[in-house]
Every structure is written in structure tokens, then in C-alpha cells.
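Number of protein chains: 2
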Amino acid sequence: MKNVTIVGLGLIGGSFALALKKTGLAEKLIGVDTNTNHQIEALELGIVDEIDNLKEAVLRSDLVVLAIPINAAQKVLPEILDYIPTETIVMDMGSTKAGICERVKNHPNRKNFVATHPIAGTENSGPKAAFAELFLNKVSIICDPEESAPSAVKKVKKIYQNLWTNVSMMTAEAHDEHIAYVSHLSHITSFALGQTVLNIEKNEKAIFDMAGSGFESTVRLAKSSPDMWTPIFIQNRENLLNAIDAYEEQIKNMRRMIEEANPENIHQYLSNTNDIRRILNKK
Amino acid sequence: MKNVTIVGLGLIGGSFALALKKTGLAEKLIGVDTNTNHQIEALELGIVDEIDNLKEAVLRSDLVVLAIPINAAQKVLPEILDYIPTETIVMDMGSTKAGICERVKNHPNRKNFVATHPIAGTENSGPKAAFAELFLNKVSIICDPEESAPSAVKKVKKIYQNLWTNVSMMTAEAHDEHIAYVSHLSHITSFALGQTVLNIEKNEKAIFDMAGSGFESTVRLAKSSPDMWTPIFIQNRENLLNAIDAYEEQIKNMRRMIEEANPENIHQYLSNTNDIRRILNKK
Numbered sequence: 001m002k003n004v005t006i007v008g009l010g011l012i013g014g015s016f017a018l019a020l021k022k023t024g025l026a027e028k029l030i031g032v033d034t035n036t037n038h039q040i041e042a043l044e045l046g047i048v049d050e051i052d053n054l055k056e057a058v059l060r061s062d063l064v065v066l067a068i069p070i071n072a073a074q075k076v077l078p079e080i081l082d083y084i085p086t087e088t089i090v091m092d093m094g095s096t097k098a099g100i101c102e103r104v105k106n107h108p109n110r111k112n113f114v115a116t117h118p119i120a121g122t123e124n125s126g127p128k129a130a131f132a133e134l135f136l137n138k139v140s141i142i143c144d145p146e147e148s149a150p151s152a153v154k155k156v157k158k159i160y161q162n163l164w165t166n167v168s169m170m171t172a173e174a175h176d177e178h179i180a181y182v183s184h185l186s187h188i189t190s191f192a193l194g195q196t197v198l199n200i201e202k203n204e205k206a207i208f209d210m211a212g213s214g215f216e217s218t219v220r221l222a223k224s225s226p227d228m229w230t231p232i233f234i235q236n237r238e239n240l241l242n243a244i245d246a247y248e249e250q251i252k253n254m255r256r257m258i259e260e261a262n263p264e265n266i267h268q269y270l271s272n273t274n275d276i277r278r279i280l281n282k283k
Numbered sequence: 001m002k003n004v005t006i007v008g009l010g011l012i013g014g015s016f017a018l019a020l021k022k023t024g025l026a027e028k029l030i031g032v033d034t035n036t037n038h039q040i041e042a043l044e045l046g047i048v049d050e051i052d053n054l055k056e057a058v059l060r061s062d063l064v065v066l067a068i069p070i071n072a073a074q075k076v077l078p079e080i081l082d083y084i085p086t087e088t089i090v091m092d093m094g095s096t097k098a099g100i101c102e103r104v105k106n107h108p109n110r111k112n113f114v115a116t117h118p119i120a121g122t123e124n125s126g127p128k129a130a131f132a133e134l135f136l137n138k139v140s141i142i143c144d145p146e147e148s149a150p151s152a153v154k155k156v157k158k159i160y161q162n163l164w165t166n167v168s169m170m171t172a173e174a175h176d177e178h179i180a181y182v183s184h185l186s187h188i189t190s191f192a193l194g195q196t197v198l199n200i201e202k203n204e205k206a207i208f209d210m211a212g213s214g215f216e217s218t219v220r221l222a223k224s225s226p227d228m229w230t231p232i233f234i235q236n237r238e239n240l241l242n243a244i245d246a247y248e249e250q251i252k253n254m255r256r257m258i259e260e261a262n263p264e265n266i267h268q269y270l271s272n273t274n275d276i277r278r279i280l281n282k283k
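Rendered as C-alpha cells:
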């Protein structure tokens, strides 16, 4: 590709830009960001070659990548499709997919759009958090591929594969339902854990001195960006509430077992759950 | 020290033995374990120099280290104190401290015992999981130090410091109350999350293909040993139920906010919880 525009120069967009550079997939990276500090940082860090405004950038690009919070992406995508050149592809990288697909489903240029979700990230944000290897050996989902031009889907799939990212296809609805359990729910459990211990800390200043690597691991996602996660939680509300209900049920189960203090029951529950090891090792 | 006996050749005991060897703090490591496979593995891996039965080992040791599940430690400690040589120290490494201190509080040789909890571990278990660096830059708690001989406390503190482990002192009650929040609760949240997703997986085989590093981080502790964690949950039941109640309150808060879908409220909650970053970075 000659020109690629990255809209949103944070962790995800910045890392994608760096990976495209590293693999020689793009000749020139054009950055678009409403945050002036992020523009400057992205140039300084060599994430993009130049900064432009959205429309000018789109008009001279082969590929446009939306890596901004999902509410912003849903606002800007229909506008981009209004003036997108015939051969240009626009892809998003948001963590919910039904909303954005619904938003443009009747747009005459819907075929130029490919809905994707690379399942990769860290708890950090901004251009400084970006690194080229973020997508290595991760999975990216392409949703509702039949709504996009076959050549566009093929191209986006090939880009991900060139970044050593495995690609799966599914409907936007299936994506949002599944991701509620294996990503969005994890963020809920981490934020709730962080808030619980912060509340206790008000009276017990020394408590964090006792926090070990296990606590850090389970609470890590509570450092995640509120700008990114607020719209995700709201958009995927319906699936997420189901996931939270199922989770609360398990917390209640454990609470009851601990109250009853029956070692056989607790041991059995923990042993059953150890099965997660088998499944994660398969990946 | 000439001879050190390690009772329990798993992750914790094995790692402690390897660290004592690496730093030259012990001339000979004697292993005690009821599991014959663990005995053989520990010898093969060079974790201990020989295997012996408990009483013979204790009678010729300067230090005895209990690194077995807390219910087993509470059973064996009074017996060891019955025949422990005058100058020998016995320390435990269990994750709850009030129970074991209560168990031996009136024993005539209570002063030979030092109650400790090194806040270190991984989700793995057994001799093969052991590594010398486990305790490096971690924190170890010594509980109720005034109940032990001052020379014994001094010696145990010095050993931990030689392993580059920071030492804090507190009462067994304070330890158990705090650790419920920053360690035991994290295990509850992980096991509940693991169980929730395993239940969904029964119908949705592909769901784990979509699990990213965030899910793996929050669910990691669900791989932990049921033998170790069942007695911890039961022994620290009272504190842990309080911690679970506080946590359930936060899950309910998040659930309600998501149901109401007010972005300002959610954003505020997530931003407040980001404060965990400041605290963990201080460590």
C-alpha cells in the first residue's frame, strides 16, 4: 500500500502503524488525531510520517484504520463513507461490533468498510504505549464479512496475517456476545476488585505493601482507559449484563461454600475450575 | 546453617530450598514430603540433598521450614515442637496466620516457632514449579514476633533479607484481615471468572479462541492448587466473607451503572479506580 491513514494514535492505532512500518506493508503512514499532544508524540516516536486532517488524509489513502473509542468511530465512519474513494478500504478496530455494523448497514458505500476486532491490548494508553509486536500471535475477528467487498476482506485478512495475527470470521452479534465473557467481564471484575481494595485502603494505609503478584495480575485491567471502556460497557450492555449475572452467581456459589466451610465442596469447585489451565494451554 | 529441613517440596518449599542453596545459607538441605514422586523430583532437580522422615530430619537441623498446606502445618507443628532441639527454629510459610499461632500459643516450646508468610507465589505447584528467584523483591510478614525468641525472629528476618525479601511485622489478626483483601479475594474473583466462562464454553466451544491477554491475566489464579487454597479459604472464612461482601457491592454498583448507561457515572467510576495505578507503581 502507498498511503495508510491511522485515525487515533493511541495504543492500538500506534501499534498497528508501527507494525505496518516494520513489515514494510505501508509506504507512508498518515496520522489523524484530535489530541495535539498525541500528534506531536506520534511524530516524535516515528509512529506516523505526517499529520493531516481526516478528509484530506482519507482522500489520498489506500487504507483508513479507525482506532478511536467506539462511540467516536460510529460517529465518524458514515462521514468517511460519504467521500471515500472507490478503491479505498476503511476498517475499524473496536471492541464491540454490532453497533458500528448497524450504523452503516444501509450506507451505499458499506462494501468499502471491514469491521474488525484485534483481540490485543495492554492496560496502558496513548502513543507512548504503542509497540510493533502488540498483534503478534493474537487473534483478530472480522465480522459480517459478507457485507464487505470480497476484495476488501481479503486485503484486511492478509494484512493481519502479515502481522502474524490469526483471523477468525463471525457475525457481529456472535462476536459481541462472546467477547462480553472473555474480555469485557474481565474488565468489570478487575475494576470492582480495584475499587474494593481502594475503599479499604482509606482506613488501612499499609494494605498495598502486602499486595503480591497475584493481586497485581487480577487488578491489572483496572488501569485501563475510561475513555475507551465507558462506551464499550454501554454499547455491549445487554450481553455484559448477562455475563455479570452469570458471574455474580459464581461469586455467590463460592461465598456460600466458604460460609458452609465444607472442604470437599470447595476442593471440588477449585479442581473443576483448574480446567481453565487445559484450555488456556491449548491456545 | 549446617542442616535445614524443608517440609513440603512444592513451589514454596522448593523455591526456598533453591534460594538457600544459591545464597550459601545452608550447607545441607533435607527434604520431607509424604508424596514419593515429589521426593524423587526434588532430588533429581537438586532442590534437596537427601530425603528423611520428619522426626529424624528435625532432630539434626538448625532450621525447619513448613511449606505445606496450612491445615497440615497446624497438625504437624505441635508435634515438632514436642521434640524440637533447644536451639532449632521452626518457621511456617502459610497464607493464614491466626490459626497456627492459636494452635501452639500455650506450647512450652512456642518460642522456637516463627510464624511467617512470604507474599510470593505463582499459579503452579509441585517441585518442578520451584525456582530460586521466587522471593526476590517480595515482602514477607512475620507475625506476633513477641511470641517467638528474639534470636529466632532475628535469624528468620536475616534469612529473608539475604534472599532480598523485605520483612514487615504485624499481628496474626491484622495479617489475616489484610491478606483477605489483597490475596485471598483475588483468588475468589479468578476462580469465579474461570467457572463462569467454563460454563458458557459448554455451549460455545470457540469462546476461548477469543480470550486475550487481559482474560488470561485476570483468570490466572484460577489455576491455583485446590489442596493449598481450600484450607486457606476455610481458615480465613470470617475476613474473606467480609471481603467478598465488599466486592459484591462493587460488582452491583458497576452492574447498576451499566444498566443505567450513564456515561458520566461510569467514566467517573473507572477514573477513580485508575488510582490503583499510582498505588501499584509506588511499590
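Chains A and B are the protein sequences, given in the same order. Be aware that the first sequence starts at 1, since it is given in the UniProt record's numbering, and climbs by one per residue. Be aware that the second sequence starts at 1, since it is given in the UniProt record's numbering, and climbs by one per residue. Even glycine gets a Cβ: it sits at the ideal position worked out from N, Cα and C.
By the beta-carbon neighbour count (other beta carbons within 10 angstroms, threshold 16), Ala222 (chain A) is buried. Beta bridge pairing from DSSP links Phe113 (chain B) with B:Val90.
For the C-beta of Gly194 (chain B), the chain A residues within less than 7 Å are, from N- to C-terminus, Thr273 and Ile276. Between the alpha carbons of Glu147 (chain A) and Lys55 (chain A) lies a distance of about 24 Å.
Taking 8 Å as the upper bound for CB-CB distance, Gly24 (chain A) and Val65 (chain A) are not in contact here, some 17 Å apart.
Three or more beta-carbon pairs separated by less than 8 Å link the region 49–63 of chain A to the region 26–33 of chain A, which places the two stretches in contact.
Three or more Cβ pairs drawn from the region 105–112 of chain B and the region 73–90 of chain B lie within less than 8 Å of each other, which places the two stretches in contact. The criterion of a C-beta distance shorter than 7 Å is not satisfied by Pro118 (chain B) and Asp227 (chain B). Approximately 7 Å separates the beta-carbon atoms of Leu77 (chain B) and Asp92 (chain B); this is inside 8 Å, confirming the contact.
At a cut-off of 7 Å, the C-beta of Pro226 (chain A) has a neighbouring C-beta in chain B.
Along the region 183–243 of chain A, the alpha helix (DSSP H) occurs as fully enclosed runs of 4 or more residues at 185–201, 213–219 and 226–235, listed in sequence order.
Contact check for Gly126 (chain B) and Gly10 (chain B): beta-carbon distance about 6 Å, within the 8 Å limit, so the pair qualifies.
With contacts defined as CB atoms closer than 7 Å, Asp209 (chain B) and Ala98 (chain B) fail to qualify as a contacting pair. Remark: C-beta atoms of Ala130 (chain B) and Ser15 (chain B) approach each other more closely than 7 Å. Residue pairing of Leu29 (chain B) in beta bridges, as defined by DSSP: B:Val4. For Val153 (chain B), the enclosing alpha helix (DSSP H) starts and ends at Pro150 to Asn162.
Residue environment: Asn239 (chain A) is assigned as buried (16 or more neighbouring CB atoms within 10 Å of its CB, all protein chains considered). One thing to note: Ser183 (chain A) has its Cβ no nearer than 7 Å to the Cβ of Ile141 (chain A). Between Phe191 (chain B) and chain A, the shortest Cβ-Cβ separation is below 7 Å. Ile232 (chain B) has its alpha-carbon roughly 32 Å from the corresponding atom of Arg256 (chain B). Against chain A, the beta carbon of Ile51 (chain B) has no neighbour under 9 Å; the closest one sits roughly 27 Å away. The three-state secondary structure of Ile68 (chain A), taken from DSSP, is coil. Neighbourhood of Gly212 (chain A) in chain B, by CB distance below 8 Å: Ile119, Ala120, Gly121, Lys138, Val139, Val182 and Ser183, in chain order. For Tyr247 (chain A), the neighbours in chain B by C-beta distance under 7 Å run, in chain order, Ala192, Leu193 and Thr196. In the structure shown, Ser168 (chain B) adopts extended strand secondary structure according to DSSP, grouped into three states. Restricting attention to A:Ala42, A:Val156, A:Glu259 and A:Ile207, the CA atom closest to the CA of Asn242 (chain B) is found in A:Glu259.
Think of a sphere of 7 Å around the beta carbon of Phe215 (chain B): the chain A residues whose beta carbon falls inside it are Val182, Ser183 and Ser186, in chain order. Glu123 (chain A) is positioned such that its CB atom lies no closer than 7 Å to that of Ser217 (chain A).
Of the residues B:Lys205, B:Ile179 and B:Ala172, the one whose Cα lies closest to the Cα of Tyr181 (chain A) is B:Lys205.
Straight-line measurement puts the Cα of His187 (chain A) at about 27 Å from the Cα of Gln161 (chain A). Apart from sequence neighbours up to five positions away, the residues of its chain that approach Cys143 (chain A) with a beta-carbon distance below 6 Å are Lys97, Ala115, Ala172 and His175, ordered along the chain.
Counting only Cβ-Cβ distances below 9 Å, Lys223 (chain B) has contacts in chain A at Thr273, Asn274, Ile276, Arg277 and Leu280, in chain order. Proximity of Pro263 (chain B) to chain A, defined by a Cβ-Cβ separation below 7 Å, is satisfied.
Here Ile200 (chain B) has Ile207 as same chain residues with Cβ atoms under 7 Å from its own Cβ, once five neighbours each way along the sequence are excluded. Listed along chain A, the residues sitting closer than 7 Å to Trp229 (chain B) by beta-carbon distance are Leu270. A check of alpha carbon separations from Ala42 (chain A) across A:Val7, A:Ala211 and A:Gln74 identifies A:Val7 as the nearest.
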